[in-house]
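Before any comments, here is the structure.
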Amino acid sequence: MILRGKMMFDKSRLNSEDTLCPLSYQTFQHYFSKFFTANSVVQISITSFGTKMSITVDVYSDLSCPWCYVGKRRLDKAIQQYTEAGITVHWHPYIIDKNTAEMGEDYMAYNTRRWGGDGWTRSLRRAGQQDGLGFKNWKTWPNSLHGHRLIHLAGMQKGPEGQGKAKDLLLRMIYEDGKNVSDTGTLIEAAKELGLEGAEDYLKSSSDVDLVLSQDSFAKSQLRISGVPYFVISSDNRDKKTISLSGAQGTEQFLAAFSHMTK
Numbered sequence: 001m002i003l004r005g006k007m008m009f010d011k012s013r014l015n016s017e018d019t020l021c022p023l024s025y026q027t028f029q030h031y032f033s034k035f036f037t038a039n040s041v042v043q044i045s046i047t048s049f050g051t052k053m054s055i056t057v058d059v060y061s062d063l064s065c066p067w068c069y070v071g072k073r074r075l076d077k078a079i080q081q082y083t084e085a086g087i088t089v090h091w092h093p094y095i096i097d098k099n100t101a102e103m104g105e106d107y108m109a110y111n112t113r114r115w116g117g118d119g120w121t122r123s124l125r126r127a128g129q130q131d132g133l134g135f136k137n138w139k140t141w142p143n144s145l146h147g148h149r150l151i152h153l154a155g156m157q158k159g160p161e162g163q164g165k166a167k168d169l170l171l172r173m174i175y176e177d178g179k180n181v182s183d184t185g186t187l188i189e190a191a192k193e194l195g196l197e198g199a200e201d202y203l204k205s206s207s208d209v210d211l212v213l214s215q216d217s218f219a220k221s222q223l224r225i226s227g228v229p230y231f232v233i234s235s236d237n238r239d240k241k242t243i244s245l246s247g248a249q250g251t252e253q254f255l256a257a258f259s260h261m262t263k
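Counting in the UniProt record's numbering, the sequence shown runs from 1 upward without gaps.
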């Protein structure tokens with residue numbers, strides 16, 4: 001963005017201590033001194049180039065994906081640390097297992113059915129703990145369809161930031177609070193906490209079920225995403241190609257990608 005405006009300056013009062021705009025005093029003096037006479041007051045136009053570059057992160061993930069929980073935390077840490085650009089995150093639905101029971105499944109029963117047990121989660125939990133995630137009360141493997149609808153509703157009402165808050169809340173409910181987000185009542189509770197309007201009627205209807213399913217299908221068939229979390233990082237710098245990262249990348253990898261997009 002370029003900001004333009006008329007400003008009045010008195011050369012007799014101008015010195016290197018004055019903050020006129022992101023241009024340095026020396027640069028200002030070099031380009032504009034020819035417009036001044038001693039002790040004159042003149043009107044000039046100043047253009048500010050101080051606006052940060054914009055980075056967009058499109059994330060494809062599933063609530064029924066504990067590594068997506070870890071990946072989000074690491075992404076959030078990277079965004080907090082990176083100050084060279086404004087970063088906007090958009091969350092897109094992905095459903096790993098459409099055969100999950102409509103009301104979700106017991107944690108151990110699901111793990112046994114799919115993998116013969118939950119031994120594989122030991123490394124997951126260790127990794128999560130390093131990022132402040134406890135997995136303290138993980139009771140259910142949810143059916144994520146309606147949770148994705150709630151995240152979509154949050155985005156419609158409160159934008160990308162609302163999406164992110166909804167994602168955080170639902171992940172916390174699943175992995176820390178022992179709640180079942182397959183249940184409409186639990187989602188209505190989450191919607192109230194998020195301050196969403198009309199959420200109860202929305203969740204009890206079939207609104208946007210087809211939308212979520214079509215976006216899931218698009219990610220798999222058109223974007224060829226076969227595993228999540230999956231991150232697509234782009235910027236308003238047309239000379240930079242998008243960067244795609246698959247899996248719960250470390251915070252350092254996100255920071256490196258952000259740096260690449262802005263250099």
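No residue lacks a Cβ here, since even glycine has one placed at the ideal position from N, Cα and C.
Distance from the CA of Thr262 to the CA of Phe218, rounded to the nearest whole angstrom, comes to 29 Å. The shortest C-alpha to C-alpha distance from Thr242 to any of Phe254, Thr186, Ala166 is the one to Phe254. Buried is the label assigned to Gln163, since at least 16 other Cβ atoms lie within 10 Å of its Cβ.
For the segment 217-251, the full-length beta strand (DSSP E) segments reaching 3 residues or more read 230-235, 243-246 along the chain. In the structure shown, the three-state DSSP call for Gly104 is coil. Distance check between Glu200 and each of Thr184, Val212, Leu194 places Thr184 closest, using alpha-carbon atoms only. When only Cα atoms are considered, Ser54 and Gln80 end up about 15 Å apart. The DSSP assignment places complete alpha helix (DSSP H) segments of no fewer than 4 residues inside the segment 95-164 at 107-115, 121-130, in order along the chain. Looking from the CA of Leu153, the closest CA among Thr51, Ala101, Ile188 belongs to Ile188.
DSSP places Gly198 in the coil class of the three-state scheme, outside both helix and strand. Per DSSP, reduced to three states, the secondary structure at Asp210 is helical.
Burial is judged here by how many other beta carbons sit within 10 angstroms of a residue's own beta carbon; Asn180 has at least 16 and is buried. Nearest in C-alpha terms to Leu171, of all of Leu63, Gly227, Gln129, is Leu63. Assignment of beta-bridge partners to Pro93 by DSSP yields Ser61. Restricting attention to Trp67, Leu203, Gly195, the CA atom closest to the CA of Gln157 is found in Gly195. In terms of Cβ geometry, Gly155 and His90 form a close pair [threshold 9 Å]. Rounded to whole angstroms, Leu150 and Pro160 show a C-alpha spacing of 13 Å.
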